[in-house]
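Asks: Going down the list, the sequences are from chains A and B.
1 is the number of the first residue of the first sequence in UniProt numbering; add one for each residue after it.
1 is the number of the first residue of the second sequence in UniProt numbering; add one for each residue after it.
We put the beta carbon where it would ideally sit given N, CA and C, even for glycine.
Fair warning: this is a prediction, and the values are worked out from it, not measured in the lab.
Encoded as structure tokens, here's the structure I'll be asking about.
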Amino acid sequence: MNQALTQLLRSFILKPANKDATDYFRGVVKAGEMSERVLTLTESVIRMNPAHYSAWQYRYRTLLAINAPLDEELELMDELAEKFLKNYQVWHHRRLLLQRGALAKTPAAELAFIARGLSYDAKNYHTWAYRQWILAYFNQDALWEGEMRYIENMLEDDVRNNSAWHHRFFVVFSNGVRKGDEDREDTIRREVSFTKEKIALAPNNASAWNYLRGVLEHSDTPFASLREFVLPYTVPAHSSLDDVRDDSVVDLENPRPSPGADLPCPAAIEFLADIHEAVGDLQLISFRQLWKSLADEHDTIRKRYWEHRISEAQASRDS
Amino acid sequence: MSFKHSSEDGYPTPTSTEQRRLEIILSQHRPPPDHPKPTLQKNVHMQWLVRNFSQGFPERFISQDASQPWLFFWTLQGFYFIGAELDPQNKQRCIDTIMACQHSDGGFGGGPGQFPHLLSTYAAVSALACVGRPGPGGGWDQIDRVKLYSFFMSLKQPDGSFLVSRDSEVDIRGIYCLLCAATLLDMLTPELVAGTASFVASLQTYEGGFASASHPYYIADPPSLETLADYPRPALGEAHGGYTFCALASWILLRPLLDKMELERVPEINVKNLTRWLALMQGSEIELGGFKGRTNKLVDVCYSWWVGGCFALLRSLGVGVRHTVPSQQQVDNEDDDEQWSDVDDDVFNRFAIQEYIFYAGQHTTGGLRDKPPKVADAYHTLYALSGLSTAQHYTAPSDEVRERLRKEWKQIHDDSLDEWRKVAYVEARAWKEEEAASMYINGPGDRLNAAHPVFNLTITHVGRIMSHFYKQNQS
Ligand SMILES: [Zn+2]
């Protein structure tokens, strides 16, 4: 194999792409030129290769050095952002401009612009991170106010969009207390019942379960408080549990799985096992048995992980 | 045998529709029971790597902040996984091309004349760890470490994070890259990493994985360590496989140094939630056991390393560590003559991820890919090989190696930093592969060399470059 490698590599030459533009750019940098011309040049380098961070960097320095109007630059970025949605330099450059006070529009208009980006690519990491930065950096009540409505629309479109769920946690819990959310217990209640409803709609949705766990852990609420809610999700659709319940009675606190739900739901079994582990009550179905059912039947790909949970629980009980 | 599709619960959304579409494609890649199982096409991949290398930089790589040092790292490390060795002339050409990317202000850029960047600096140093050597023209001693250090410090933020480059963003990938380079080249100082571990810890989201950055709130301007608010500290972006690897690896590099720093509050991460999130990233049987990078996203071969590799890192935090038990206690273990036998406690499915890589990751004309029907590229080829390597081998910190390195430590500088350097050196080099715990789904014909879980270099290469820069015996 080594012989072959040596032979094949004989022709090894590295060919830089975009030779002309990059050579020209290099020359400009070497000469330290900062002018209108440099803006034209870097723009064309960026249009050819939006990941050319040196061109972005030099462009930014030039903008500042020649006192170029930053609002115009922001307009150019509107166009480039749509063209190179996946590229994070585009978003970062916007951020630099905004930090320098470029804001022909208000930050609210910036949120609307981002929303347009997310309508093409609803899970774009950099776009979401940029939205979160706008909110935290300007930190204006008016900006935060519209977010819950926006998130609800996003989840209406796709309840499995984890980026939207993360954004909800960001808005409700991660930046201190928002206006209108001062009553924390009320906020927790609201978030828990919102999530329960989304789980009922499509129970096998890891995003919703993770959010639920996040809310409970963040507020030190015992998982056990959701036992009633979780139980119907841990058993097959038409099981004995249904007999003891009257379906005509609608329990708003504990929405039941939708008719199309695929049950039992592994995330619910895991949740129930965690309740039992925390409570440590031996009268309950042993959490070990629940984990075992995940390992052997409902979530076999993670067999080793569920067995790991069993041995961890054993170890902490022994110690 | 047919496997169960992910549940749509009678409520399809764009996410579940896309998921279903991929599951149908992937299930067609599982070989029927009566067919021979695909094995690792080492020669085909090797030729693909060489071809790719020789032809230069295809346009499409440039779009993923790729640069020349990255192409070198991805290709060279790929060669070393497969077990190929470069001849001296080709090595020299690699060294010279990489060194041409070193900037006059310190650090490496994406190409000659490009500004220095943490990501290309990592790639350059890693590639030099593979093919460089001490002495004139060898690359190692031509790295300007004094300037590199001031380049690093010029990027440092009051909250302990780093920009990836001048006027650029904060990103945990950059911090991982900086810590790797600084650890390999004996450049870690308390000044350099002050506050960094707290920053890393702040990236963990409610899901358990880590985000790319977090937003520092300051009590008043101008931003400084004194005015930095402890709370709130929101993560920007959701938990993500690539960022989680970089955060965890950074944490593993910093953790042993924490008690050498005077800290008001020792930062912590939630290992239980992290382990859970990582385990949940593995796709089910119908997804051939590949890893996803985020909740409710599609599997992708590169997460075989970014997520799969985290399970090796977790061993240094005591999760999934093999323990030795007397074999008498093992009733069913007859073919073991040893008095003691090992019981491994993996928390991920080492078998299934190898299936994903073999069945879905390999492109018939060579190279490895994200998922079918995509084409292969250098990035996915390297991280698929890295992921395969980490699934095949059991690598963990070894007390025995740690003890030996401590004993053999030669004190070079007579200063307070000596103990600090020693800890960094010993901990980074304590990782050891246990050949007996290897697992190959088709037998050892598919064997790749083992990767160092933090650096993604061979353990030999890590030892070689570190012993040079720390002026220790290479043992
Ligand atoms: Zn990928």
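By how many angstroms is the C-alpha of B/Tyr243 removed from the C-alpha of A/Gly117?
Replies: 23 Å
Asks: Are the segment 392-403 of chain B and the segment 418-433 of chain B in contact at 8 Å, needing three or more beta carbon pairs?
Replies: yes
Asks: Output, in sequence order along the chain, the residues in the segment 160-175 of chain B whose CB is closer than 9 Å to any CB in chain A.
Replies: Val164, Ser165, Arg166, Asp167, Ser168, Glu169 and Asp171
Asks: May I have a chain-ordered list of the alpha helix (DSSP H) segments no shorter than 4 residues that lie completely inside the segment 270-303 of chain B?
Replies: 271-280
Asks: Please return the same chain residues whose Cβ sits closer than 7 Å to the Cβ of B/Glu287, not counting the five positions on each side in sequence.
Replies: Excluding residues within five positions, the ones whose Cβ falls inside 7 Å are Glu23, Leu26 and Val299.
Asks: CB of A/Asp220 to nearest heavy atom of ligand 1: below 6 Å?
Replies: no
Asks: For a contact defined as C-beta to C-beta under 9 Å, what are the partners of B/Ser202 on chain A?
Replies: Near B/Ser202 there are no residues of chain A at all, since even the closest Cβ is about 10 Å away, more than 9 Å.
Asks: For the segment 7-28 of chain B, enumerate the residues whose C-beta is nearer than 8 Å to any C-beta of chain A, in chain order.
Replies: Ser7, Glu8, Asp9, Gly10, Tyr11, Thr13, Pro14, Thr15 and Ser16
Asks: Which of helix, strand or coil does DSSP assign to B/Lys374?
Replies: coil
Asks: For B/Ile459, collect the residues of the same chain with a Cβ closer than 7 Å to its Cβ; drop the 5 residues on either side in sequence, then sort them by chain order.
Replies: Trp431, Glu433, Ala450 and His452
Asks: Measuring only the C-alpha atoms, how far is B/Phe348 from A/Leu263?
Replies: 24 Å
Asks: Under 7 Å between C-beta atoms, does B/Tyr80 make it to chain A?
Replies: no
Asks: Can you tell which of B/Ile143, B/Gln142 and B/Ser165 has the C-alpha that lies nearest to the C-alpha of B/Met153?
Replies: Residue B/Ser165 holds the alpha-carbon nearest to the alpha-carbon of B/Met153 among B/Ile143, B/Gln142 and B/Ser165.
Asks: Considering only DSSP beta bridges, list what B/Pro397 is partnered with.
Replies: B/Pro397 pairs with B/Trp431.
Asks: Going straight from the alpha carbon of B/Ser126 to that of B/Arg255, what length do you get?
Replies: 22 Å
Asks: So the candidates are B/Gln114, B/Ser214, B/Ile465 and B/Asn43; which of them puts its Cα closest to the Cα of A/Arg131?
Replies: In terms of CA proximity to A/Arg131, B/Ser214 leads the group B/Gln114, B/Ser214, B/Ile465 and B/Asn43.
Asks: Are the segment 107-124 of chain B and the segment 168-179 of chain B in contact at 8 Å, needing three or more beta carbon pairs?
Replies: Flag = yes, the segment 107-124 of chain B and the segment 168-179 of chain B touch.
Asks: Is B/Asp346 close to chain A, meaning its C-beta is less than 7 Å from at least one C-beta of that chain?
Replies: yes
Asks: By DSSP, does B/Glu59 sit in helix, in strand, or in coil?
Replies: For B/Glu59, the predicted structure reports a pLDDT of 47, less than 50, and the residue's modelled location is therefore unreliable. The matter cannot be settled from this model.
Asks: Within the same chain, show all residues whose beta-carbon is closer than 7 Å to that of B/Phe108, passing over the 5 residues directly before and after it, in chain order.
Replies: Pro69, Cys101, Gln102, Pro116, Ser120, Thr121 and Ala124
Asks: Which bits of chain A does B/Arg212 rub up against, with CB to CB less than 8 Å?
Replies: Residue identity differs from the one stated: residue 212 of chain B is Ser in this sequence, not Arg. Residues of chain A passing the Cβ test: Tyr125 and Ala129.
Asks: Quick check: does the Cβ of B/Cys302 come within less than 6 Å of any heavy atom belonging to ligand 1?
Replies: yes
Asks: I want to know whether the segment 373-388 of chain B touches the segment 352-362 of chain B - three or more CB-CB distances under 8 Å.
Replies: yes
Asks: My assumption, with CB atoms under 8 Å, is that B/Ala249 sits in contact with B/Leu203. Please give the rounded CB distance.
Replies: Between B/Leu203 and B/Ala249 the Cβ distance is about 13 Å, and since that is not below 8 Å, they are no contact.
Asks: Just grab the DSSP bridge partners of B/Leu228 for me.
Replies: Residue pairing by DSSP places B/Leu228 opposite B/Tyr218 in a beta bridge.
Asks: At 9 Å on the CB atoms, spell out the chain A contacts of B/Lys156, in chain order.
Replies: By Cβ distance, chain A contributes nothing, its closest Cβ being about 18 Å from B/Lys156, past 9 Å.
Asks: By the three-class DSSP mapping on this structure, what secondary structure does residue 487 of chain B have?
Replies: Missing from the structure shown is residue 487 of chain B; chain B here goes from 1 to 475 and no further.
Asks: Can you tell which of A/Ser193, A/Arg168 and A/Leu80 has the C-alpha that lies nearest to the C-alpha of A/Leu226?
Replies: A/Ser193
Asks: Measure the CB-CB distance between B/Ser316 and B/Ile252 and report whether it falls below 7 Å.
Replies: yes
Asks: Take every Cβ of the segment 127-134 of chain B, pair it with every Cβ of the segment 75-92 of chain B, and state whether three or more of those distances are shorter than 8 Å.
Replies: yes
Asks: For B/Trp74 versus B/Ala378, is the C-beta distance shorter than 7 Å?
Replies: yes
Asks: In chain order, what residues of the same chain lie with their CB nearer than 8 Å to the CB of A/Ile114, ignoring the 5 residues before and after it?
Replies: Thr127, Tyr130, Arg131 and Ile134
Asks: Do you know offhand how far B/His240's Cα is from A/Lys123's?
Replies: 12 Å
Asks: Is there at least one non-hydrogen atom of ligand 1 closer than 6 Å to the beta-carbon of B/Asp377?
Replies: No, the Cβ of B/Asp377 stays beyond 6 Å of every heavy atom of ligand 1.
Asks: Consult DSSP for B/Gln472 and reduce its assignment to one of helix, strand or coil.
Replies: coil
Asks: Please state whether the Cβ-Cβ distance between B/Ile441 and B/Phe351 is less than 7 Å.
Replies: yes
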